[in-house]
Amino acid sequence: MDYIFFMGLAGSEISELYVSYDIPCQWHKNIWERMKTFPREVHFLRGKIYCVFLIPKFHLPAHIEACNVLFSFHLTRYVGLTDGEAPERGWSVLNPLASSTMEMGPGMRRDTINDAFNDMNHKKIVDMGKWMLGKVADCVPELLTAAAELEELECSLRRLGAGEALEEWRAEVQAWEADAGAPNPFAAKVERRTVVQVRGEMAEEVQKELEEAMEKERDEDNGASEELHGMELIAMGLQLEELQRNLALDINGIGNHPSADQKTNVTERGNKLRRKISTWMDAQVLFVPHVAVLRVEEDRARKRIAATQAQPGVQVQRGCLRAYRGRVECAVDLYEHEFRLREAQAHESLDDVRHQLLLRTHLHKHKDAYVRGVKANTQVQTKIKGVEERTCRSAERYRVAYRALMGLGKHLKRTEWEAELRPLLPEDVRGMPRALFQDPERKKLLMKKGAATRRKAKDMGAEAKARMSWIWRSPGVEEAEEGGMSEALRIEWAKTRPRFLRHREQLDLLEEEMHQILQFLRWRADWWDERAGRCPQAPEDDKRRVPHVAYAPKHRAYQEGNTAYARRQAGILRKRAEQFEKTWEDVPSFMEMARAVMADMGEDGTFGDDEPVDDEGAMETDETLNDELAVAARPAAPPAPVVDVPVREDEPVEDENENDYRDV
Numbered sequence: 001m002d003y004i005f006f007m008g009l010a011g012s013e014i015s016e017l018y019v020s021y022d023i024p025c026q027w028h029k030n031i032w033e034r035m036k037t038f039p040r041e042v043h044f045l046r047g048k049i050y051c052v053f054l055i056p057k058f059h060l061p062a063h064i065e066a067c068n069v070l071f072s073f074h075l076t077r078y079v080g081l082t083d084g085e086a087p088e089r090g091w092s093v094l095n096p097l098a099s100s101t102m103e104m105g106p107g108m109r110r111d112t113i114n115d116a117f118n119d120m121n122h123k124k125i126v127d128m129g130k131w132m133l134g135k136v137a138d139c140v141p142e143l144l145t146a147a148a149e150l151e152e153l154e155c156s157l158r159r160l161g162a163g164e165a166l167e168e169w170r171a172e173v174q175a176w177e178a179d180a181g182a183p184n185p186f187a188a189k190v191e192r193r194t195v196v197q198v199r200g201e202m203a204e205e206v207q208k209e210l211e212e213a214m215e216k217e218r219d220e221d222n223g224a225s226e227e228l229h230g231m232e233l234i235a236m237g238l239q240l241e242e243l244q245r246n247l248a249l250d251i252n253g254i255g256n257h258p259s260a261d262q263k264t265n266v267t268e269r270g271n272k273l274r275r276k277i278s279t280w281m282d283a284q285v286l287f288v289p290h291v292a293v294l295r296v297e298e299d300r301a302r303k304r305i306a307a308t309q310a311q312p313g314v315q316v317q318r319g320c321l322r323a324y325r326g327r328v329e330c331a332v333d334l335y336e337h338e339f340r341l342r343e344a345q346a347h348e349s350l351d352d353v354r355h356q357l358l359l360r361t362h363l364h365k366h367k368d369a370y371v372r373g374v375k376a377n378t379q380v381q382t383k384i385k386g387v388e389e390r391t392c393r394s395a396e397r398y399r400v401a402y403r404a405l406m407g408l409g410k411h412l413k414r415t416e417w418e419a420e421l422r423p424l425l426p427e428d429v430r431g432m433p434r435a436l437f438q439d440p441e442r443k444k445l446l447m448k449k450g451a452a453t454r455r456k457a458k459d460m461g462a463e464a465k466a467r468m469s470w471i472w473r474s475p476g477v478e479e480a481e482e483g484g485m486s487e488a489l490r491i492e493w494a495k496t497r498p499r500f501l502r503h504r505e506q507l508d509l510l511e512e513e514m515h516q517i518l519q520f521l522r523w524r525a526d527w528w529d530e531r532a533g534r535c536p537q538a539p540e541d542d543k544r545r546v547p548h549v550a551y552a553p554k555h556r557a558y559q560e561g562n563t564a565y566a567r568r569q570a571g572i573l574r575k576r577a578e579q580f581e582k583t584w585e586d587v588p589s590f591m592e593m594a595r596a597v598m599a600d601m602g603e604d605g606t607f608g609d610d611e612p613v614d615d616e617g618a619m620e621t622d623e624t625l626n627d628e629l630a631v632a633a634r635p636a637a638p639p640a641p642v643v644d645v646p647v648r649e650d651e652p653v654e655d656e657n658e659n660d661y662r663d664v
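Residues in the sequence shown are numbered from 1 upward in steps of one, following full-length UniProt numbering.
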């Protein structure tokens, strides 16, 4: 790969280089050091070159998150809607030939593949007029839609009190576009630790305690057992609690008439869970001996209640220490361990609730835009139902963690967590206002709903802040405060802006490419005219003949034939240029119309502060209107790293900013 890369660029004087490769995340490392191993003739002659390495869009999702951040076409400036998959498309033409070429010899196989590629290239040239026209026809509507979405989103953010925050976000994105090493604006600034991460930290602490215990004997009542640590006990309790909650939800989902398989499955799961809880209870007594007395009393009460249960076989006991908190004495370390795990559990559950709400929004949008037919609608509705079930489970897990934190916080006298976490009411579990998802279809929905719904939606502008759930706002900021927008909104805006910029760049690139196509066809026609009758005379010695050079034949008839062929090729190219020009005659006005609509848009994707006049339904959510028509968050990534090519010792160093493509 290195040899192909450097030999292909040998002698080139380019100043901007975009390299698309399947694994540039690995290949680009130390590439300039490896260049020194090649002959000096293939080294870059420029004193400095800016090189951007990118991953084709189809291959990008298979990479890790860091690669999606550093090597994506989506946020790389000046590439338009290029996907980088052009080299892969040629194989679609060759795949049908595989059964034939596998039986051929090397020479025949090479000729067959060359014929297939030549045919494909010829068809590309002939169909270039329709192909470019189709690209423009697709780009302009998408550009206008992207511009309207971005404008509506920014106006909605200003209306919700995020005007200053919006300017800060824009400055962060622009700084990051200028320098890929700047903080990534598409990632959450506040990283919430998950339960797994907290358990890992606590496990390291336990390891240190065990090492110290080996050197110094410890008291028996210090909150730790020789076989099990208090942190491990609490972590096991949280896992059992999650299993209990899932089992209870599954039992409720079965209904009043379960099948034999469902009954068997529930019973087996209950038996396994009961055995795990029994083992955990035996370990709990080692840390809290007095809990055995309370457990006997609860067992008696549970037996009396179980006699009236329709399904007594699936009832399991509670597994966490919070059931006995305040009724027995135990080590403070156990409270500290549970508090840390519960806080991480609450944040993790809240993040999952937000993620599921965004996913539900995307599924509703996809269903309304693309799904038709009973079968397809049923499949999508099944997926939406599954998302809603996961949302309910995450919300319930958050509520359990919140109630535990309330008790633990009072016992430990800790209140700092209350600035970030609040009670999660059923009405709080809702999506963001529809205007924040740039929904161009909501007006159609409101027209179908009737005049009363439209008037109601129009009056909701004054209630904008009250309509947004607290889960979408930054932690520790009251709803009435300015700029208290959630990072989810910041990331949503940061991902919406590049979509508009890439479409605008695509329109400019298409215009320039169409101009270059016409210029090339006319130049090539003139080149054929110059070639007519200008064949060099063949040397007398055949050994001095240069390969692939058309020499003038000795007979005049052959000379006239060569001239006629050149004239014919020139005529074909001129006719093709005229045909393309006629096909594209309405394209300039079409592009000017799009640019006129975006006349107020700045070069960096900045809109004015004027709000849209008609804002019907802007603050509607998917709970207010049954059909969710919202644009889901799009995957995005920043520009790839810019690499400085080392300067050759015998070459002068050019001006530092001469070839900076980011300043073009």
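C-beta: ideal position from N, C-alpha, C; glycine also. Fair warning: this is a prediction, and the values are worked out from it, not measured in the lab.
query	result
Neighbourhood of ARG269 by C-beta, 7 Å cutoff - its chain only, sequence neighbours within 5 removed	LEU247
Check whether GLU177 and ARG77 have beta carbons under 9 Å apart	yes
ARG634 versus ILE254 - alpha carbon distance	Unreliable placement is indicated for ARG634, whose pLDDT of 30 sits below 50; no coordinate value is reported for it.
Member of HIS63, PRO39, GLY84, GLU41 whose CA lies at the smallest distance from the CA of VAL52	GLY84
Simplified DSSP state of VAL374, which is helix, strand or coil	helix
Whole-angstrom distance between ARG504 and THR145, CA atom to CA atom	11 Å
Delimiting residues of the alpha helix (DSSP H) encompassing PHE5	2-8
Closest residue to SER20 among MET1, ALA175, PHE38 (Cα-Cα distance)	MET1
contact_flag[the segment 54-64, the segment 8-25] where n(CB pairs < 8 Å) is 3 or more	yes
For CYS330, the three-state DSSP class (helix, strand or coil)	coil
Nonlocal neighbours in the same chain, by C-beta distance under 7 Å from ALA283, ignoring five residues either side	LEU228, LEU233
Nearest residue (CA-CA) to MET281, options PHE73, GLY237, ILE251	GLY237
Which listed residue (ALA570, HIS515, ARG531) has its alpha carbon closest to that of ALA525	ALA570
Span of the beta strand (DSSP E), counted from its first residue to its last, around SER100	Note, SER100: premise wrong, no beta strand (DSSP E); alpha helix (DSSP H) at 98-101.
Straight-line gap, GLY80 to GLY107 (C-alpha atoms, nearest Å)	40 Å
LEU412 beta carbon less than 9 Å from that of GLU343	no
Pairwise C-alpha distance: ALA175 and LYS385	42 Å
C-beta atoms of LEU350 and SER394 nearer than 9 Å	yes
Distance between LEU273 and LEU243 (C-alpha atoms, nearest Å)	7 Å
Cβ-based burial, VAL285 [other Cβ within 10 Å; buried from 16]	exposed
PRO423 to ARG399 span [Cα, whole Å]	7 Å
Alpha helix (DSSP H) segment containing VAL93, residue limits	86-94
Local conformation of ALA525 per DSSP, three classes	helix
Rounded C-alpha distance that separates PHE44 from ASP179	23 Å
Neighbourhood of VAL198 by C-beta distance below 7 Å, restricted to the same chain and skipping five residues each side	ARG340, LEU341, ALA344
Within 9 Å, strictly: CB atoms of ALA577 and ARG522	yes
Within 9 Å, strictly: CB atoms of ALA10 and GLU33	no
HIS74 and ARG499 closer than 9 Å at C-beta	yes
Reference ALA86; option with closest CA among SER100, ILE55, GLN381, THR279	ILE55
Where the alpha helix (DSSP H) through PHE287 begins and ends	260-287
The alpha helix (DSSP H) enclosing PHE73, as first and last residue numbers	That residue, PHE73, is in no alpha helix (DSSP H); it is neither H nor E in DSSP.
Rounded separation between PHE71 and MET591 - CA only	30 Å
CA nearest to the CA of VAL291, picked from ALA260, CYS330, ARG497, THR279	CYS330
Residue environment, THR391, which counts as buried when at least 16 other CB atoms sit within 10 Å	buried
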